[in-house]
Amino acid sequence: MHTTQRILSGYQRRRVIVCILLAALVGLLTLAAKYFSELRLNEQRVDQFNQRAVLTVESLLAPFEQLYKDTLPLISLSCENAQQTLREFTAKVPTIRSISLVKNGVLYCSSVFGTSQFIVRDLQPQMPSPEPRLLLGVDHLINKGSSILLSWHPISASPNDGIVQVINLGMLTAFMQHAEGSWITRTILNISGSHFEYTQGLVNDVDMLGNEIRHDTPSQNYPFSITTVGPSPSSLAIDNLPSHLPLAAVISLLAGVFAWFMTAKRMSFSHEIKMGLASREFEVYFQPLIHSDNQQCIGIELLLRWDNPRHGSISPDVFIPLAEQQNLIIPLTCYVLRETVGALDQFPKMDEFHISINVAACHFKDNIIIKDLRRYWFPAHPQQQLVLELTEREALPIVDHHVVRELHHLNIKLAIDDFGSGQSSLAYLETLRPDILKIDKSYIGAIGTDAVNSKVTDIIIALGHRLDIELIAEGVETAAQAAFLRQQDVKLLQGFFFARPMPLKHFPAWLEMHNRHLSSQ
Ligand code: C2E
Ligand code: CA
Ligand code: CA
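Counting in this note's numbering, the sequence shown runs from 1 upward without gaps.
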């Protein structure tokens, strides 16, 4: 059986767990969102850098096309006549180191050396060639050992004749030093299987460290590509995650607080009661009231039972006080009223047949009980006697006496439940003028013992008789108790000795069996 505290702390614990899980989830999602956006950003940065690098190299190579066209007519001239123009052309384009004319595979005229006699193939094995070429190489003539970019343009009619442009690779690739940011560590220009890396010169291969990745972007207009090497975008994004931790912590805290407020209603016992009412988890039980003289059943008390699918059976001693705390006792009493009205046909149609329901004192405020009875009870025109048992001892002082008078006027009886226990004061007998006193089971249990309570039982019984208030003894468990009470002229008895509470739908069968049993005696 559940205790009130255990159920409440269970709800609290579950609510705390849900809020913590949600906060953690939101924190993780925030970090994941940050990670993916950073990852995309890193990929975009590398891609944009590469695109820009390709465009830069293309724009730097573009003037050489025009220069080639301008130089072409010079090939038919002698070096003395061509040399001056070659020098002027070279001066015009800052990135060019020299322009040379080639005839029959021999470099015969250079803007630097003037008339020369270099076998081109000795200088560069891949030249001359029938197609234009762009080659990375090492300067053997002017700035010896430095890396250069060679551009070979053959004259279409004779592939051994053409123009060689030597391009200043350092200037061409100066942009590479702007590859800032931790996402790119190296930039490489790839031409015809050779690789040039700024500050490193010609390198054999693009080799990488373990966590590095490469990104290649080819030019659409020239035979080169740009390769960048850097840490993988994912490892960069992971490295950057700690900087987002404060934000994630704040967002997850906010989510946790938000969840705490949002679950206040949903993850509470009151929500559980509301769900229980909506899905009819509550069942109304009855316990018979027995006449002490003839053992006839002359009434019933209706008691709620809750078979909760999540917590199992919950005792009314647990859920009734909680329902009172959460302002849900009125809907529960109305539920009992409706169920009782629905079963009226099963009860003996006698004026004196008691139908007792337990009502909380708050139901007496603002005429609510009268309104509810007008809504559920009176429209059914019941013949039987309705008794309202006031359960909440501490709340008796707040009961509105006008409502009590109105109830009397409507022929509804008022019983004080558990009389003698707790704080019920004799003063209420005067102000509430109850029709019935239900002697608390602790006094009935004391009958026949030496306990002080046994004397109090006698006093309560005497009091009832003197004030002409009906008495019901509850918690009668033995034949001796029943005999004593009959002897004391207590007319109505209730207790396990006669019957335990049973589902209301079993009442007709029980009554029939009870009456058969009486007539057979
Ligand atoms: P109560 O109104 O005093 O109801 C009598 C309680 O005594 C019932 O417990 C009943 O099962 C138990 N009882 C009956 N005969 C004996 C007996 O011979 N020996 C012993 N030891 N117990 C006996 P139950 O059904 O567990 O209800 C407990 C309390 O919960 C009720 O006490 C009442 O205060 C409250 N309750 C139950 N149903 C309702 C309801 O529909 N509305 C309200 N407001 N309170 C209810
Ligand atoms: Ca009662
Ligand atoms: Ca009682």
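No residue lacks a Cβ here, since even glycine has one placed at the ideal position from N, Cα and C. On a predicted model such as this, the values are computed, not experimentally measured, just so you know.
Spell out the partners DSSP gives residue i in its beta bridges.
i, result
"residue 385", "354"
"residue 305", "283"
"residue 71", "Residue 71 is not bridged to any residue."
"residue 365", "None; residue 365 has no bridge partner."
"residue 473", "439 and 493"
"residue 110", "100 and 114"
"residue 315", "Its beta-bridge partners do not exist; DSSP assigns none."
"residue 297", "290"
"residue 195", "190 and 203"
May I have the straight-line CA-CA distance separating residue i from residue j, to the nearest angstrom?
i, j, result
"residue 510", "residue 262", "47 Å"
"residue 221", "residue 52", "14 Å"
"residue 432", "residue 327", "24 Å"
"residue 465", "residue 264", "51 Å"
"residue 297", "residue 7", "37 Å"
"residue 65", "residue 165", "10 Å"
"residue 402", "residue 361", "13 Å"
"residue 17", "residue 259", "11 Å"
"residue 270", "residue 414", "28 Å"
"residue 78", "residue 205", "42 Å"
"residue 494", "residue 405", "27 Å"
"residue 167", "residue 251", "56 Å"
"residue 504", "residue 284", "6 Å"
"residue 508", "residue 333", "23 Å"
"residue 228", "residue 97", "27 Å"
"residue 226", "residue 149", "15 Å"
"residue 275", "residue 308", "10 Å"
"residue 34", "residue 239", "12 Å"
"residue 304", "residue 370", "21 Å"
"residue 481", "residue 358", "24 Å"
"residue 142", "residue 169", "14 Å"
"residue 310", "residue 340", "26 Å"
"residue 486", "residue 373", "34 Å"
"residue 315", "residue 325", "16 Å"
"residue 210", "residue 224", "26 Å"
"residue 10", "residue 234", "43 Å"
"residue 103", "residue 162", "7 Å"
"residue 126", "residue 185", "32 Å"
Would you say the beta carbon of residue i is closer than 7 Å to some non-hydrogen atom of ligand 4?
i, result
"residue 491", "Inclusion of ligand 4 in the displayed structure is not the case, the ligand content consisting of ligand 1, ligand 2 and ligand 3 alone."
Check each candidate in the options and name the one with the smallest Cα separation from residue i.
i, options, result
"residue 478", "464, 491, 50 and 444", "444"
"residue 273", "243, 330, 286 and 238", "330"
"residue 409", "363, 122, 106 and 386", "386"
"residue 23", "224, 247 and 114", "247"
"residue 147", "203, 128 and 301", "203"
"residue 320", "391, 428 and 454", "391"
"residue 446", "438, 456 and 47", "456"
"residue 428", "453, 469 and 82", "469"
"residue 419", "460, 450, 400 and 399", "460"
"residue 375", "399, 337, 400 and 345", "337"
"residue 515", "290, 139 and 85", "290"
"residue 434", "412, 314, 347 and 233", "412"
"residue 490", "438, 25, 501 and 449", "438"
"residue 421", "463, 453 and 192", "453"
"residue 295", "119, 95, 492 and 183", "492"
"residue 174", "56, 106 and 208", "56"
"residue 500", "253, 512, 449 and 475", "475"
"residue 497", "384, 292 and 347", "292"
"residue 354", "367, 382, 127 and 363", "382"
"residue 231", "26, 28, 39 and 521", "39"
"residue 467", "450, 440 and 430", "430"
Please decide whether residue i counts as near chain B, where near means a Cβ-Cβ distance under 8 Å.
i, result
"residue 156", "Of the chains in the structure shown, none is chain B; there is only one protein chain."
Going by other Cβ atoms of all chains shown within 10 Å of its Cβ, with 16 needed for buried, is residue i buried or exposed?
i, result
"residue 389", "buried"
"residue 484", "buried"
"residue 130", "exposed"
"residue 506", "exposed"
"residue 237", "buried"
"residue 199", "exposed"
"residue 523", "This structure does not reach residue 523, given that the chain is present from 1 up to 521, and the question cannot be answered."
"residue 417", "buried"
"residue 302", "buried"
"residue 124", "buried"
"residue 287", "buried"
"residue 1", "Because the pLDDT at residue 1 is just 45, under 50, the model does not fix this residue reliably, and the value given afterwards should be weighed accordingly. The residue is exposed, with fewer than 16 neighbouring Cβ atoms inside 10 Å."
Practice problem: Could you name each continuous beta strand (DSSP E) segment of 3 residues or more that falls completely within the segment 143 to 172, going from the start of the chain to the end? | Solution: 147 to 155 and 158 to 168
Quiz item: Can you list the alpha helix (DSSP H) stretches of 4 or more residues lying completely in the segment 476 to 512, in chain order?
Solution: 479 to 487
Exercise. Would you list, in sequence order, the uninterrupted alpha helix (DSSP H) runs of no fewer than 4 residues that lie entirely inside the segment 414 to 449?
Key: 426 to 431 and 441 to 445
Quiz item: Quick one: complete beta strand (DSSP E) runs, 3+ long, within the segment 214 to 254?
Solution: 224 to 231
Quiz item: Which runs of the alpha helix (DSSP H) spanning at least 4 residues fall entirely within the segment 320 to 355, listed in chain order?
Solution: If we require 4 residues or more, the alpha helix (DSSP H) runs fully inside the segment 320 to 355 come out as 329 to 342.
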